[in-house]
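This report concerns only the one structure given below.
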Amino acid sequence: MKDLVDVVVIGGGSAGLAAAVTAAREGATVRLLERHGFLGGMGTASLVHTFCGLYLLRQEPEAVLANPGLPSEIAGRMIAATGQGPVRMGRVDVLPQHPVEFVRIADELVAGEPSLDVRWHTEVTGASRDGDGWEIAWSCRGQAGKTRAAAVVDASGDAVLADWIGAPAEMTESPKLQRPAYVFGVQGVESSNDPLTLAGWLVEGVRAGDLPSAALGLTFRSSGRPGESFGTLDLTGAEQQDGYDPLDPACLSRLEVEGRKVASAAVNFLRARANGWQRAFVSHWPARAGVRESRRWMGETRLLGPDILSGRRFGDEIALATWPLELRETAKGAKLRFPEGDRPAGIPLGCLRVKGEDRLFVAGRCISCDHDAQASIRVMGTGFATGQAAGLAAATRADGGEMTEVIKRLRPVF
Amino acid sequence: MSGDTKEHPTPATVTAWLRDEGIVELEETFPADGDLFLAGLDSMAVMQLVVAAEERFGAVLGPADLAKDRLATPIALARLLEEKRA
Numbered sequence: 316m317k318d319l320v321d322v323v324v325i326g327g328g329s330a331g332l333a334a335a336v337t338a339a340r341e342g343a344t345v346r347l348l349e350r351h352g353f354l355g356g357m358g359t360a361s362l363v364h365t366f367c368g369l370y371l372l373r374q375e376p377e378a379v380l381a382n383p384g385l386p387s388e389i390a391g392r393m394i395a396a397t398g399q400g401p402v403r404m405g406r407v408d409v410l411p412q413h414p415v416e417f418v419r420i421a422d423e424l425v426a427g428e429p430s431l432d433v434r435w436h437t438e439v440t441g442a443s444r445d446g447d448g449w450e451i452a453w454s455c456r457g458q459a460g461k462t463r464a465a466a467v468v469d470a471s472g473d474a475v476l477a478d479w480i481g482a483p484a485e486m487t488e489s490p491k492l493q494r495p496a497y498v499f500g501v502q503g504v505e506s507s508n509d510p511l512t513l514a515g516w517l518v519e520g521v522r523a524g525d526l527p528s529a530a531l532g533l534t535f536r537s538s539g540r541p542g543e544s545f546g547t548l549d550l551t552g553a554e555q556q557d558g559y560d561p562l563d564p565a566c567l568s569r570l571e572v573e574g575r576k577v578a579s580a581a582v583n584f585l586r587a588r589a590n591g592w593q594r595a596f597v598s599h600w601p602a603r604a605g606v607r608e609s610r611r612w613m614g615e616t617r618l619l620g621p622d623i624l625s626g627r628r629f630g631d632e633i634a635l636a637t638w639p640l641e642l643r644e645t646a647k648g649a650k651l652r653f654p655e656g657d658r659p660a661g662i663p664l665g666c667l668r669v670k671g672e673d674r675l676f677v678a679g680r681c682i683s684c685d686h687d688a689q690a691s692i693r694v695m696g697t698g699f700a701t702g703q704a705a706g707l708a709a710a711t712r713a714d715g716g717e718m719t720e721v722i723k724r725l726r727p728v729f
Numbered sequence: 062m063s064g065d066t067k068e069h070p071t072p073a074t075v076t077a078w079l080r081d082e083g084i085v086e087l088e089e090t091f092p093a094d095g096d097l098f099l100a101g102l103d104s105m106a107v108m109q110l111v112v113a114a115e116e117r118f119g120a121v122l123g124p125a126d127l128a129k130d131r132l133a134t135p136i137a138l139a140r141l142l143e144e145k146r147a
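Chains as they are written, first to last, in my numbering: chain A, 316 to 729; chain B, 62 to 147.
Following this line, the structure appears as structure tokens:
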């Protein structure tokens, strides 16, 4: 027998977690389908160890949370877990986060919601219409199943649902697509190393021919735990071959191999040369390389780069985008574009909705926007916020409620 | 090409060079004592800087030279690059 729930959420990254928990708190029965054995997506499987987009941009010291509700709750839980508050890096406030703590915090959030049922190790394989609602097909280790739902949230990051139902979607061409990051853990680092000195060693290694030039895309940061650092390697994405395509398994496979190869070489080199690294070792690989941008929905409203840069506000906004455009179109580090007057932009509910579909919502990095706006909204702090909105919208719709209610409930909080 | 056939770094040429190489995005009016780290210089950009400094100024920077205060402004950086010219 097929099972039936109010809301199915596809993908348990930052957006899917927020969507599922929010929908469950609204009283909906929720099924969250996640391919890994834990939630958190980029923040856990890909070891991205900073929550960006949680705080307003401001000149004054002290970080101010931008989006209330679950984004603020998760920030508070993370601060309690790590003992580390927000940090100003250049002009932006970020929250250092630890992937191990994030996995556990997600478990706690799920455990608090009896009407939320997470199915791990489950890959969604298709979707079709089922009366007014949806039938979502999935597979777990060769066992196929279907779940029926009154409403669905696509938090897959790759707009997978758009492909299955033939809805409009787009993907930026490879040369401009944001480059991926490969993040790995290192332990046994004895002294807290200045990142600039390490950068100097990496250049030495490349000069001497001991390291591939890809090592120039690598930076290290302490995890906040004793002796532990994360290395973040920006890859070109088209390792040894042309055309970066984050939806192509052959391309993704090359990323994983290249990431591990460069990381291993760099840590071996630093162990031989850098002070305090004599006993360092790679302690964990990510479950997957970190993709920043892939396919996006083309929804009712398309948020544009100029909307972010002018701090545009909307009548139907459901969250604030506060992160600057963080362009990673090359593997040479970030280029940031800040909005006028550091103003936040509104994210309209229309970016989470698709024309003619009133029981389908989108959250996270694949909401409807252009390449430039995606460079702001893709970050996890904003993913919690769009996820929260999509979860509230899906639960409201499954219960026969109106979208005006969703906007009314989320809008006044800014 | 030896170091002495290459240009001597000044705060103004260093600022223009950082901008032209795309190492840090700097306004035309960026001051000689402006904070490059606040303007976006980070460890990955420093690696590009080290590679490009050898090419442009013949200055070879090693790990021990990369202290934050020696890179922090166009004035400090021009001084460091001059000192490290081969």
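A virtual CB, placed ideally from N, CA and C, is assigned to each residue, including glycine.
Taken atom to atom, the span from the alpha-carbon of residue 612 of chain A to that of residue 520 of chain A is near 43 Å. Between residue 516 of chain A and chain B, the shortest Cβ-Cβ separation is below 8 Å. In the same chain as residue 378 of chain A, and ignoring 5 residues on each side of it, the C-beta atoms closer than 7 Å to its own belong to 370, 401 and 408, in chain order. Within the model, the alpha-carbon separation for residue 480 of chain A versus residue 672 of chain A is close to 11 Å.
Here residue 725 of chain A carries a helix assignment [DSSP, helix/strand/coil]. Proximity to residue 373 of chain A across A:359, A:677 and A:403 peaks at A:403, based on C-alpha coordinates. Here the segment 349-362 of chain A lies against the segment 411-429 of chain A, with 3 or more beta-carbon pairs under 8 Å apart. Not a single C-beta of chain A is nearer than 8 Å to the C-beta of residue 75 of chain B. The beta carbon of residue 130 of chain B does not come within 8 Å of any beta carbon belonging to chain A, so the residue lies off that interface. Contact check for residue 549 of chain A and residue 524 of chain A: beta-carbon distance about 21 Å, past the 8 Å limit, so the pair fails to qualify. Residue 500 of chain A has a beta carbon lying at 8 Å or more from every beta carbon in chain B. For a Cβ distance threshold of 9 Å, residue set 83, 86 and 101 of chain B lies close to residue 650 of chain A, ordered along the chain. Under DSSP, residue 484 of chain A forms a beta bridge with A:612. Taking 3 residues as the minimum length, the beta strand (DSSP E) runs contained wholly in the segment 428-486 of chain A are 431-434, 438-445, 448-455 and 458-469, in order along the chain. Looking at the backbone, the Cα of residue 474 of chain A and that of residue 676 of chain A are separated by about 11 Å. Relative to the Cα of residue 576 of chain A, the nearest Cα in the group A:594, A:534, A:530 and A:445 belongs to A:530. Annotation: the continuous alpha helix (DSSP H) that includes residue 135 of chain B extends over 135-144. Sequence-ordered contacts of the segment 477-498 of chain A with chain B are nonexistent [C-beta pairs closer than 8 Å].
Straight-line spacing of the CA atoms in residue 476 of chain A and residue 469 of chain A works out to 6 Å. Residue 493 of chain A and residue 139 of chain B have their alpha carbons spaced roughly 33 Å apart.
Within chain A, the residues whose beta carbon sits less than 7 Å from that of residue 124 of chain B are 512, 515, 516 and 519, listed in sequence order.
For residue 106 of chain B, the residues of chain A that pass the 7 Å Cβ criterion are 648, in the order they occur in the chain. Taking residue 466 of chain A as the centre and dropping the five residues before and after it, the same chain places the C-beta of 322, 674, 709, 712 and 713 closer than 6 Å to its C-beta, in chain order.
In this structure residue 660 of chain A is not in contact with residue 386 of chain A, their Cβ atoms being roughly 16 Å apart against a cut-off of 8 Å.
In the displayed model, residue 72 of chain B falls within a helix according to three-state DSSP. Secondary structure of residue 642 of chain A (DSSP, three-state): strand.
One finds nothing in chain B with a Cβ atom closer than 7 Å to the Cβ of residue 574 of chain A; even the nearest lies about 16 Å away. Across the set A:486, A:340 and A:359, the C-alpha of A:359 shows the shortest separation from the C-alpha of residue 599 of chain A. Boundaries of the alpha helix (DSSP H) harbouring residue 520 of chain A: 510-522, taken from the DSSP string. Assignment of residue 527 of chain A by DSSP, reduced to helix, strand and coil, places it in the coil class. Interface annotation, residue 337 of chain A: not in contact with chain B, CB-CB separation never under 8 Å. Listed along chain A, the residues sitting closer than 7 Å to residue 127 of chain B by beta-carbon distance are 511, 512, 514 and 515. In this structure the segment 327-344 of chain A lies against the segment 676-693 of chain A, because at least three pairs of beta carbons, one per stretch, are closer than 8 Å.
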